[in-house]
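Notes follow the structure.
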Amino acid sequence: MSYSRFEAMKLLAARLSDELVILSLGGAVDEWYNAAPHMREASLFQQQLGCVTPEAFGLAVGLPHRRIVSLDTDGGLLFNLGILATLGNERPENLFIVVWDNEQYQSIGGPATHTAKGRVDLAAIARSAGVEKAFTAETLEEFDAHCAAGLAASEPYIVVAKTDGILEPGIKRKHSDGREDKYIFVRHVEATEGISIMGPSEHN
Numbered sequence: 000m001s002y003s004r005f006e007a008m009k010l011l012a013a014r015l016s017d018e019l020v021i022l023s024l025g026g027a028v029d030e031w032y033n034a035a036p037h038m039r040e041a042s043l044f045q046q047q048l049g050c051v052t053p054e055a056f057g058l059a060v061g062l063p064h065r066r067i068v069s070l071d072t073d074g075g076l077l078f079n080l081g082i083l084a085t086l087g088n089e090r091p092e093n094l095f096i097v098v099w100d101n102e103q104y105q106s107i108g109g110p111a112t113h114t115a116k117g118r119v120d121l122a123a124i125a126r127s128a129g130v131e132k133a134f135t136a137e138t139l140e141e142f143d144a145h146c147a148a149g150l151a152a153s154e155p156y157i158v159v160a161k162t163d164g165i166l167e168p169g170i171k172r173k174h175s176d177g178r179e180d181k182y183i184f185v186r187h188v189e190a191t192e193g194i195s196i197m198g199p200s201e202h203n
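Residue numbers (numbering that gives the first Met the number 0): 0 to 203.
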């Protein structure tokens, strides 16, 4: 059974206010841009495969008082399964991870990932790496319940969302590139944390 990633995103977005979100490249970018407009400045878009959850982990360690959300993908997590062992050992208390598992590399035309044959279970891999709160959500109702639990957890929490491979039609494109997105996100963190990360340019 699978369900719409965009509908799942809207459920998650309704639960967010001051969290920071790291998300992968591909179709999820425009879907999140539309599903969570109030999280625009708090979302770092288009991070490369294998880097999303590690970046979120770094933020979680650096800002332990703040909830960090990783919006990873099956393809992305498979690029760097070692992050699961890091989470199992380090156990950040403020990190919630969603893995959009549509069983394909959608951004390059849809070749299957290793989860497509039904033998590779990302939640089970996470549990065996020491992340005790790792689950698979087969329905939107299950996904929403795990979002509530994960955002309130005091240990790393992973939900693998078994979504379909259908991109939401008719949504607005995000008209910014990765460099602009980086500055939008960093300035948001600076403003909400009262800190300086990237000072003024030396070449003004």
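All C-beta atoms, glycine included, are put in the ideal place defined by N, C-alpha and C.
Worksheet item: Is the segment 163-178 touching the segment 124-133, taking contact as three or more C-beta pairs under 8 Å?
Response: no
Worksheet entry | TRP99 to VAL28 span [Cα, whole Å] | Taking the first residue of the sequence shown as position 1, residue 99 is located at position 100. Taking the first residue of the sequence shown as position 1, residue 28 is located at position 29. So the alpha carbons of these two residues sit roughly 12 Å apart.
Discussion item. Within a Cβ cutoff of 7 Å, which residues of the same chain sit near SER153, ignoring the five residues on either side of it in sequence?
Written reply: Sequence index remark: in the sequence shown, residue 153 carries index 154 (1-based). Closer than 7 Å at the Cβ level, and outside the excluded window around SER153, lie GLU92.
Practice prompt. Inspect the beta-carbon positions of GLN47 and LEU76 and report whether they are closer than 8 Å.
Written response: On the sequence shown, residue 47 is found 48 positions in, with the first residue counted as 1. On the sequence shown, residue 76 is found 77 positions in, with the first residue counted as 1. No, the pair does not count as a contact, with Cβ atoms beyond the cut-off.
Worksheet item: GLY49 to GLY117, Cα distance in whole Å?
Response: One-based indexing of the sequence shown puts residue 49 at position 50. One-based indexing of the sequence shown puts residue 117 at position 118. Distance between the alpha carbons of GLY49 and GLY117: 21 Å.
Worksheet item: In three-state terms, what does DSSP make of LEU24?
Response: Counted from its first residue, the sequence shown places residue 24 at position 25. Three-state result, LEU24: coil.
Discussion item. If you follow the beta strand (DSSP E) that THR135 is in, where does it begin and where does it stop?
Written reply: By 1-based counting over the sequence shown, the position of residue 135 is 136. Unbroken beta strand (DSSP E) run through THR135: 132-136.
Worksheet item: Any idea what DSSP makes of ILE183, helix, strand or coil?
Response: In the sequence shown, residue 183 corresponds to position 184, counting from 1. Residue state, collapsed to three classes: helix.
Worksheet item: Which of the three DSSP states, helix, strand or coil, is assigned to LEU94?
Response: For the purposes of this step, residue 94 is taken as the residue at position 95 of the sequence shown. In the structure shown, LEU94 sits in a strand (DSSP, three-state: E or B).
Worksheet item: Given THR114, which residues of its chain have a CB within under 6 Å of its CB, disregarding the five upstream and five downstream residues?
Response: To locate residue 114, count along the sequence shown from 1; it is residue 115. Contacts found: ASP73, ASP100, GLU102.
Worksheet item: Could you give the residue range of the alpha helix (DSSP H) that holds LEU86?
Response: Counted from its first residue, the sequence shown places residue 86 at position 87. Its alpha helix (DSSP H) spans residues 81-89.
Item to complete: Would you give the residue range spanned by the beta strand (DSSP E) that ILE124 belongs to?
Response: On the sequence shown, residue 124 is found 125 positions in, with the first residue counted as 1. Run containing ILE124: none in the beta strand (DSSP E); it sits in the alpha helix (DSSP H), 121-127.
Item to complete: Within the same chain, show all residues whose beta-carbon is closer than 7 Å to that of ALA133, passing over the 5 residues directly before and after it, in chain order.
Response: Reading the sequence shown from its first residue, position 134 is the one you call residue 133. Taken in chain order, the residues that qualify are ALA122, ALA125, ARG126, ILE157.
Item to complete: Alpha carbon to alpha carbon, how far is PHE44 from TYR32? Give it in angstroms, no decimals.
Response: The sequence position of residue 32 within the sequence shown is 33, counting from 1. The sequence position of residue 44 within the sequence shown is 45, counting from 1. Their backbone Cα atoms lie some 9 Å apart in a straight line.
Practice prompt. Give a yes or no on whether the C-beta atoms belonging to ARG4 and THR162 are separated by under 8 Å.
Written response: The count along the sequence shown starts at 1 and reaches residue 4 at position 5. The count along the sequence shown starts at 1 and reaches residue 162 at position 163. A contact, by the Cβ cut-off of 8 Å.
Item to complete: Would you check whether the ligand PLP has a heavy atom nearer than 7 Å to the C-beta of GLY26?
Response: Ligands are entirely absent from the displayed structure, and the ligand PLP is therefore not among its contents.
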